[in-house]
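Taking it in order: structure first as structure tokens, then the write-up.
Numbering (full-length UniProt numbering), first residue to last: 1 to 286.
Structural data, given as structure tokens:
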């Protein structure tokens, strides 16, 4: 019988080819046992600890929160999360607090999520804001592998810089694949001059997204842009334009869709993309 387990936060394993230890990833596995779901693995990594959370009446729907237990992200940090969702089970992962990649004099750091979804399973990733502070240099990788009938819903908010500063270097790669090949492959490269390249972000510093793969969400009302008053002039059109954001929906060629909001204010962009995420979550969970 497989049982849940938790490892110490100092657990490491050798990295291939170098002989040097690298931080152990946070691992979460869920499986079906009769008419219920259960955690088969809850491994605490160096940076994050998975903690089960109540809040769903569906016995096949489990929730877990990722709690930070180690300061991150600093130069050289390697935060890795590995998830396995068994057939017919729904796993919901919540990040209660945002993350900041701190000024590291451009020393690279890394954050990655690898998820394997079994047949007819579902993964809901409710991510918090990720801030790339000035001087940071971050690689983010999200990889989803979906078996037949599997579905995934991911919320992500990327913030370039803390209040009053320019953002650091950030590259965010999202790849979702199903039995017939790639569903989504996106490489957002905000390093060097690319940050302000034509057709990327313009004057926005917030990228908030809700991504659904494995099924195509039904039509939902698109939230109208909400101007955010500024200290200079709460009623000025120009100030309202700088503070507002706008969410757009993009349907994928394969079953799936992306709702994205760009803006200068994190709460405005996240609110709009978050409204789509909430509607799609309700649809996914029935």
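Just so it is clear, CB atoms sit at the ideal spot from N, CA and C, and this is done for glycine as well.
**Message:** With distance defined between alpha-carbon atoms, name the residue in 283, 211 and 30 nearest to residue 251.
**Reply:** The candidate whose alpha carbon is nearest that of residue 251 is 211.
**Request:** Drop a sphere of 10 angstroms on the beta-carbon of residue 34, count the other beta-carbons inside from all chains shown, and report buried for 16 or more, exposed for fewer.
**Result:** Under this definition residue 34 is an exposed residue.
**Request:** Compare the Cα-Cα distances from residue 118 to each of 102, 130, 145 and 95 and report the closest residue.
**Result:** The candidate whose alpha carbon is nearest that of residue 118 is 145.
**Prompt:** Quick one, which of 173, 127, 44 and 106 has its alpha-carbon nearest residue 135's?
**Reply:** The shortest C-alpha separation from residue 135 is found at 106.
**Prompt:** Tell me which same chain residues have a C-beta within less than 7 Å of the C-beta of residue 84, skipping the five on either side of it?
**Reply:** Excluding positions up to five away in sequence, the list reads 29 and 116.
**Message:** Using the Cβ count rule (16 or more neighbours within 10 Å means buried), how would you classify residue 36?
**Reply:** So residue 36 counts as exposed.
**Message:** Just verifying my parser: in three-state terms, what is the DSSP assignment at residue 192?
**Reply:** Helix.
**Asked** Looking at the structure shown, is residue 276 part of a helix, part of a strand, or coil, going by DSSP?
**Response** DSSP, read as helix, strand or coil, puts residue 276 in helix.
**Request:** Identify every residue that forms a DSSP beta bridge with residue 271.
**Result:** By DSSP's assignment, residue 271 forms no beta bridge with any residue.
**Request:** Would you kindly report the start and end of the unbroken beta strand (DSSP E) that includes residue 56?
**Result:** Unbroken run through residue 56: none, as it is neither H nor E.
**Item:** Reference residue 191; option with closest CA among 179, 166 and 143
**Value:** Residue 166 is the option with its Cα nearest to residue 191.
**Residues near residue 255 in its chain [Cβ-Cβ closer than 7 Å; skip 5 each side]** = Excluding residues within five positions, the ones whose Cβ falls inside 7 Å are 214, 215 and 216.
**Request:** Write down every uninterrupted run of the beta strand (DSSP E) in the segment 61-85 whose length is 3 residues or greater and which is fully enclosed by it, in chain order.
**Result:** Uninterrupted beta strand (DSSP E) stretches at least 3 residues long and entirely within the segment 61-85 occur at 61-68 and 78-85, given in chain order.
**Request:** Excluding the 5 residues preceding and the 5 following residue 169 in the sequence, name in chain order all residues of the same chain whose CB lies nearer than 6 Å to its CB.
**Result:** Here the set comprises 137 and 191.
**Prompt:** Identify the residues that DSSP records as bridge partners of residue 157: which are they?
**Reply:** Looking at the DSSP assignment, residue 157 forms a beta bridge with 129 and 208.
**Opening and closing residue of the beta strand (DSSP E) in which residue 176 lies** = Residue range 169-178 is occupied by the beta strand (DSSP E) that includes residue 176.
**Distance between residue 253 and residue 74 (C-alpha atoms, nearest Å)** = Rounded to the nearest angstrom, the gap between the Cα atoms of residue 74 and residue 253 is 38 Å.
**Item:** Through-space distance from residue 280 to residue 206, alpha-carbon basis
**Value:** Between residue 206 and residue 280, the C-alpha separation is close to 21 Å.
**Request:** Note down, in chain order, each residue of its chain lying with its Cβ closer than 8 Å to the Cβ of residue 273, except the 5 sequence neighbours on either side.
**Result:** For residue 273, the CB contacts under 8 Å within the same chain, skipping 5 residues up- and downstream, are 155, 157, 208, 209, 210, 247, 259, 260 and 261 in chain order.
**Message:** Which same chain residues end up closer than 8 Å to residue 64 when comparing Cβ atoms and leaving out the 5 residues on each side of it in sequence?
**Reply:** Correct list, in chain order: 28, 39, 42, 50, 51, 52, 53, 91, 92, 93 and 94.
**Request:** Identify every residue that forms a DSSP beta bridge with residue 265.
**Result:** Beta-bridge partners assigned by DSSP to residue 265: none are found.
**Request:** My understanding is that residue 184 touches residue 174, with C-beta atoms under 8 Å, so please give their C-beta distance in whole angstroms.
**Result:** With a contact defined as Cβ atoms closer than 8 Å, residue 184 and residue 174 qualify at about 6 Å.
**Asked** Are the beta-carbon atoms belonging to residue 189 and residue 171 less than 7 Å from one another?
**Response** Closer than 7 Å, so yes.
**Message:** When you compare the CB positions of residue 141 and residue 109, do they come within less than 7 Å of one another, or not?
**Reply:** No, these two residues do not count as a Cβ contact at 7 Å.
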